[in-house]
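A short write-up of the structure that comes next.
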Amino acid sequence: MTISEQTATETGRTVNLATSGQTSGRITTRSILVYGALAFPLSFAGLPIYLHAPDFYAVTLGQSLASLGVVLLALRLIDAFQDPFIGSISDRLHSHRPKILAVGTVMLGIGFWMLFHPLTSAPLPWFALSVLICTTGFSIVTINLQTLGGLWESRPQDRTRITGGREALGLLGLLAAAITPTLLTQWAGQEQAFHYLTVAYLPLLVVGLLLLLSWMKSAELSAPKQAHHRPNWLSLLKDRWRSVFFSLVLLNTFASAIPAVLVLFYVRDRLGAEPYTGLFLLIYFLSGTASMPLWIKLASKFGKIRAWQLSLGLAIVTFIWAVFLGRGDIAAYAIVCTLSGLALGADLALPPAILADHIDADDRQTDASRLFSLMALLSKTSLAAATGLALPILGVLGYVPGGDMTPRLDWVLSLTYAALPCALKLAALGGLIWAQDILTKNKSAVS
31 MTISEQTATE TGRTVNLATS GQTSGRITTR SILVYGALAF PLSFAGLPIY LHAPDFYAVT
91 LGQSLASLGV VLLALRLIDA FQDPFIGSIS DRLHSHRPKI LAVGTVMLGI GFWMLFHPLT
151 SAPLPWFALS VLICTTGFSI VTINLQTLGG LWESRPQDRT RITGGREALG LLGLLAAAIT
211 PTLLTQWAGQ EQAFHYLTVA YLPLLVVGLL LLLSWMKSAE LSAPKQAHHR PNWLSLLKDR
271 WRSVFFSLVL LNTFASAIPA VLVLFYVRDR LGAEPYTGLF LLIYFLSGTA SMPLWIKLAS
331 KFGKIRAWQL SLGLAIVTFI WAVFLGRGDI AAYAIVCTLS GLALGADLAL PPAILADHID
391 ADDRQTDASR LFSLMALLSK TSLAAATGLA LPILGVLGYV PGGDMTPRLD WVLSLTYAAL
451 PCALKLAALG GLIWAQDILT KNKSAVS
């Protein structure tokens, strides 16, 4: 069902396609950029919240890293498990989605400002409250932004362009966040740097929201049908397609989360290249951004499932070489970052596009927010699990961050950082090959 300039008999709503930025067939690049613009400030917020803010509170305000770590772990768990509730509320109030997006954006902006303008008399409670407001607002906006992409009336081959464009803008935001705080700190010092960062960030957030709201006024969106019964979360997963798909997503995201948690330790203690950490991350994310058009073309030619299989294979054969690198192998690791970064583009673009195909093929737009919030829940749970498992495993095996490294500990760190994720990726690839017939039952995921 579409909301179009022609009479929509089941909804009675209309839209002016002449101003939608798209044709009745192929969706234009301009409309994708307008829709996805909010992804830039959304992704930008992640590094300051989870990487720079703890350091800011520890160095500037004298808070212990242990206390900050406990607070962050608790907040990550809250953030992960509130996603299904956000998805349910967004589904029920789908006609008020612009207001929901506005509320989420305001929460993110307020929380971000609070985080870097602390209450010095109670810094730790202020930190916890600020991050909670930030992450709740972030989740509200992210889930609804992804849902809108899934509801956008489009051909299956265009859904990869939609998710690819959105995630490419998100990666650009991540790149900007990796560079900007360092430059501002060198220029103005840490405390002033984050004040200027906040002042620059809030207008980006407002512009992104306004662009999305303007796009929503004219976009061709699938509308929920007349009052289906509302299934609970378990019933959502009774469908075999969904249970298989989300199991593979969980396995793949867990594999990706392990090196994300350990990269700083690996670069510093295995490669001895801590000053190059920012450069390595820049190379990796730039490679992921640049690869988006490639995966869009491959998905269009071979299908999304086969393109995802190819990306998993590429990730395995390129990242496994990190196991064999040692101190001073800076150029070699940069090559690993470049090649494995190519697979990142597919990981970001293809699973949401496949899920959007499924929602459209099964005609279950009423569940869209729940399904995308479930994907967000799996991603956050994977990151929390990787943090809770990888670091204790390394500790049991004798690794101490920043401590003296022995040949045995070198291998322990390398195998945990690279070999374990590759083994999990291999299992995900095997599962994806085994489940290909299940996941392509409606043919939408292969077109």
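Numbered by this note's numbering, the letters in the sequence shown go through residues 31 to 477 in order.
Think of the CB as a built atom: it goes at the ideal place given N, C-alpha and C, for glycine as much as any other residue.
Give a yes or no on whether the C-beta atoms belonging to Ser444 and Leu372 are separated by under 7 Å. Along the sequence shown, one-based indexing puts residue 444 at 414. Along the sequence shown, one-based indexing puts residue 372 at 342. Their beta carbons are not under 7 Å apart, which means Ser444 does not touch Leu372 by this criterion.
Starting from Trp156, follow its DSSP beta bridges and name the residues at the other end. For the purposes of this step, residue 156 is identified with residue 126 of the sequence shown, where counting begins at 1. DSSP lists no partner for Trp156.
Would you mind sorting Phe142 into buried or exposed? The rule is 16 or more other CB atoms within 10 Å of its CB. Translated into positions along the sequence shown, residue 142 becomes position 112. By the 10 Å Cβ count, Phe142 comes out buried.
Which parts of the stretch 186-234 are runs of the beta strand (DSSP E), unbroken and 3 residues or longer, counting only runs that do not cross its ends? none
Around the C-beta of Glu304, are 16 or more other C-beta atoms found within 10 angstroms, so that it is buried, or is it exposed? What you label residue 304 is simply residue 274 of the sequence shown in a count that begins at 1. By the 10 Å Cβ count, Glu304 comes out exposed.
Tell whether a beta-carbon distance below 7 Å holds between Gly194 and Ala386. The residue you call residue 194 lines up with position 164 of the sequence shown. The residue you call residue 386 lines up with position 356 of the sequence shown. Not a contact, by the Cβ cut-off of 7 Å.
Cβ-Cβ separation, Leu242 to Leu68 (assumed contact under 8 Å), whole Å: The sequence position of residue 68 within the sequence shown is 38, counting from 1. The sequence position of residue 242 within the sequence shown is 212, counting from 1. Between Leu242 and Leu68 the Cβ distance is about 5 Å, and since that is below 8 Å, they are a contact.
DSSP three-state assignment for Ser151, whether helix, strand or coil: Position 121 of the sequence shown holds residue 151. Ser151: coil per DSSP, three-state reduction.
Would the beta-carbon of Ser403 fall within 7 Å of that of Ile173? Within the sequence shown, numbered from 1, the residue matching residue 403 stands at position 373. Within the sequence shown, numbered from 1, the residue matching residue 173 stands at position 143. Contact flag set, yes.
Contacting residues, own chain, Cβ-Cβ under 8 Å from Val64 (five flanking each side not counted): For the purposes of this step, residue 64 is taken as residue 34 along the sequence shown, with counting starting at 1. The answer, listed in chain order, is Gly51, Leu241, Leu242, Ser244, Trp245.
Report back the beta-carbon spacing between Thr407 and Ala110 to the nearest angstrom; my notes put them in contact at under 8 Å. Residue mapping note: residue 407 aligns to position 377 of the sequence shown, counting from 1. Residue mapping note: residue 110 aligns to position 80 of the sequence shown, counting from 1. Going by the sequence as given, residue 407 is Leu instead of Thr. At roughly 6 Å, the Cβ-Cβ gap stays under 8 Å, so Leu407 and Ala110 are in contact.
Using the Cβ count rule (16 or more neighbours within 10 Å means buried), how would you classify Pro308? If you number the sequence shown from 1, residue 308 lands on position 278. Residue 308 is actually Gly in this sequence, not Pro. That one is exposed.
Would you check if there are 3 or more beta carbon pairs closer than 8 Å linking the stretch 296-303 to the stretch 443-463? yes
With a threshold of 7 Å on Cβ separation, who are the neighbours of Ser499 within its own chain once the five nearest residues in sequence on each side are excluded? Here the chain covers residues 31 to 477 and nothing more, so residue 499 does not appear.
Is the beta carbon of Leu278 sitting closer than 7 Å to the one on Ala458? Taking the first residue of the sequence shown as 1, we reach residue 278 at position 248. Taking the first residue of the sequence shown as 1, we reach residue 458 at position 428. Their beta carbons are under 7 Å apart, which means Leu278 touches Ala458 by this criterion.
Suppose you measure from the CA of Gln256 to the CA of Ala75; what does that come to, to the nearest Å? Along the sequence shown, one-based indexing puts residue 256 at 226. Along the sequence shown, one-based indexing puts residue 75 at 45. Confidence in Gln256 is poor, its pLDDT being 47 and thus under 50, which makes the residue's placement unreliable; the coordinate value appears in the next sentence. If you take the alpha carbons of Gln256 and Ala75, they lie about 37 Å apart.
Using DSSP bridges, identify the partner residues of Trp8. Since the first residue shown for the chain is 31 and the last is 477, residue 8 is missing from the structure and cannot be characterised.
So what does DSSP say about Gln478, is it helix, strand or coil? Outside the displayed range of the chain (31 to 477) lies residue 478, so it cannot be described from this structure.
Note down the Cα distance separating Pro431 from Ser286, rounded to an integer number of angstroms. In the sequence shown, residue 431 corresponds to position 401, counting from 1. In the sequence shown, residue 286 corresponds to position 256, counting from 1. Between Pro431 and Ser286, the C-alpha separation is close to 21 Å.
Alpha carbons only, please: which of Ser169, Leu154, Leu149 is nearest the one belonging to Arg106? Locating residue 106 in the sequence shown gives position 76, where the first residue counts as 1. Among Ser169, Leu154, Leu149, the Cα nearest to that of Arg106 belongs to Ser169.
How many whole angstroms separate the CB atoms of Leu251 and Glu183, which I take to be in contact at a CB cut-off of 8 Å? In the sequence shown, residue 251 corresponds to position 221, counting from 1. In the sequence shown, residue 183 corresponds to position 153, counting from 1. Rounded, the Cβ-Cβ distance is 6 Å, consistent with contact.
Length at least 3, wholly inside the stretch 372-450: the beta strand (DSSP E) runs in chain order: none
Got a sec, what are the start and stop residues for the alpha helix (DSSP H) Val64 sits in? Within the sequence shown, numbered from 1, the residue matching residue 64 stands at position 34. Residues 59-66.
Between Ile384 and Ala416, what straight-line distance do the alpha-carbon atoms span, to the nearest angstrom? Within the sequence shown, residue 384 is the residue found at index 354, counting from 1. Within the sequence shown, residue 416 is the residue found at index 386, counting from 1. Distance between the alpha carbons of Ile384 and Ala416: 25 Å.
Taking Cβ to Cβ, would you say Leu280 is nearer than 7 Å to Trp338? Within the sequence shown, residue 280 is the residue found at index 250, counting from 1. Within the sequence shown, residue 338 is the residue found at index 308, counting from 1. Cβ atoms of Leu280 and Trp338: not closer than 7 Å.
Going by DSSP in three states, Arg357 sits in which element: helix, strand or coil? The count along the sequence shown starts at 1 and reaches residue 357 at position 327. Arg357 falls in the coil class under three-state DSSP.
7 Å Cβ cutoff met for Thr368 and Ile326: As a first step, residue 368 must be located in the sequence shown, where it is residue number 338. As a first step, residue 326 must be located in the sequence shown, where it is residue number 296. Going by C-beta atoms, Thr368 is not nearer than 7 Å to Ile326.
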